[in-house]
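As you go down the protein sequences, you meet chains A and B in turn. Residue numbers for the first sequence follow the numbering used here, so the first one is 2 and each next one is one higher. Residue numbers for the second sequence follow the numbering used here, so the first one is 13 and each next one is one higher. Using N, Cα and C, we set each Cβ at its ideal position, and we do this for glycine too. Here the structure is a predicted model, which is why all the values come from computation and not from measurement.
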Amino acid sequence: DIQLTQSPSFLSASVGDRVTITCRASQATIIYLAWYQQKPGKAPNLLIYDASTLQSGVPSRFSGSGSGTDFTLTISSLQPEDFATYYCQEVHKYPALTFGGGTRVEIK
Amino acid sequence: QLQLQESGPGLVKPSETLSLTCSVSGGYISRSTYFWGWIRQPPGKGLEWIGSIFYSGSTNYNPSLKSRVTISVDTSKNQFSLKVNSVTAADTAVYYCATPGSLNSGGLDYWGQGTLVTVSS
């Protein structure tokens, strides 16, 4: 089974900061890689799919990149509404999924 | 626009079976080419994929839960369901149903609101 390791697990940042979250897979056999934002008490919200495609309606300050085993979510200028927990998720054998452990982004 | 809604008991006794249903509106499971999935999240913890199903009934389960989980689909009711046997306190979680929808990718674009299931006597 593939493991997804997100880093950091927690980060403290200020409004306007550039934030980067990394997701590393234990094997380079990923078919799909997605990123989600989750706020307390809410279902996750899809931000990025196919590693780098911005979901409709998601602000352009969010971007995704990477391939193989290393993937990145970048928020170019952190906004107050971006303080949340972020998860990566992969599919290596459709439709079996794996989620990363999450990265909590808090206000400095 | 797909909408998903979980339903089922919020309290289950240890050793019993957890049963949830996901009702789909705004589209038909029988006409879909994408999967329908169950994901759970224990209080204060991360997301865990439970399993996925296609309209045909073909399933795929998380190996860590496979021995206790059954996912089924009822296209006549436009619903799919989850059963987890022999539950313990570790199965206490918010349970979500979700699907990629027309994205037909691995990303889950549509989610239910989630339902908290507590395992306790």
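Per-residue contacts from residue i into chain A (C-beta, under 7 Å)
{"i": "B:Q125", "result": "A44"}
Beta-carbon spacing of residue i, residue j below 8 Å
{"i": "B:S132", "j": "B:L23", "result": "yes"}
{"i": "B:V129", "j": "B:Y107", "result": "yes"}
{"i": "A:A29", "j": "A:G69", "result": "yes"}
{"i": "A:G103", "j": "A:T86", "result": "yes"}
{"i": "A:F100", "j": "B:L59", "result": "yes"}
{"i": "B:Y67", "j": "B:V85", "result": "yes"}
{"i": "B:G118", "j": "A:A35", "result": "yes"}
{"i": "A:L47", "j": "A:Q39", "result": "no"}
{"i": "A:T6", "j": "A:T73", "result": "no"}
{"i": "A:Y88", "j": "A:P45", "result": "yes"}
Below-8 Å beta-carbon distance, residue i vs any chain A residue
{"i": "B:P75", "result": "yes"}
{"i": "B:W50", "result": "no"}
{"i": "B:S64", "result": "yes"}
{"i": "B:G22", "result": "no"}
{"i": "B:Y67", "result": "no"}
{"i": "B:L14", "result": "no"}
{"i": "B:N97", "result": "no"}
{"i": "B:Y108", "result": "yes"}
7 Å CB neighbourhood of residue i in its chain, flanking five on each side removed
{"i": "A:K109", "result": "S13, A14 and S15"}
{"i": "A:D83", "result": "I76 and V106"}
{"i": "A:P9", "result": "T104"}
Chain-ordered chain B contacts of residue i [CB-CB under 8 Å]
{"i": "A:V16", "result": "The contacting residues do not exist; A:V16 stays about 26 Å from chain B at best."}
{"i": "A:A35", "result": "S117, G118, G119 and L120"}
Chain-ordered chain B contacts of residue i [CB-CB under 9 Å]
{"i": "A:Y88", "result": "G58 and L59"}
{"i": "A:Q38", "result": "By Cβ distance, chain B contributes nothing, its closest Cβ being about 12 Å from A:Q38, past 9 Å."}
Nonlocal neighbours in the same chain, by C-beta distance under 8 Å from residue i, ignoring five residues either side
{"i": "B:P26", "result": "V99, T100, A101, V131, S132 and S133"}
{"i": "B:Q91", "result": "T33, C34, S35, V36, I41 and V85"}
Neighbour list for residue i in chain B, Cβ cutoff strictly below 7 Å
{"i": "A:V92", "result": "G118"}
{"i": "A:L47", "result": "G119, L120 and D121"}
{"i": "A:D32", "result": "In the sequence under discussion, the amino acid at residue 32 of chain A is Ile, which differs from the Asp named in the question. Correct list: G118."}
Contact with chain B by residue i, beta-carbon distance below 8 Å
{"i": "A:T99", "result": "yes"}
{"i": "A:Q56", "result": "yes"}
{"i": "A:D2", "result": "yes"}
Close beta carbons around residue i, own chain, < 6 Å, minus the five adjacent residues each side
{"i": "B:A105", "result": "R52, Q53 and P54"}
{"i": "B:I83", "result": "G63, I65, T71 and L94"}
Contacts that residue i makes with chain A (C-beta to C-beta distance below 8 Å)
{"i": "B:F92", "result": "Going along chain A, no residue has its Cβ under 8 Å from B:F92, so there is no contact; the nearest lies around 13 Å."}
- Task: Could you say if the segment 22-38 of chain B and the segment 52-68 of chain B meet the contact criterion of at least three C-beta pairs nearer than 8 Å?
- Result: No, because fewer than three Cβ pairs between the segment 22-38 of chain B and the segment 52-68 of chain B fall closer than 8 Å, the two stretches do not touch.
- Query: Pairing CB atoms from the segment 110-129 of chain B with CB atoms from the segment 71-90 of chain B, are three or more of them under 8 Å?
  - Reply: No: fewer than three Cβ pairs fall under 8 Å.
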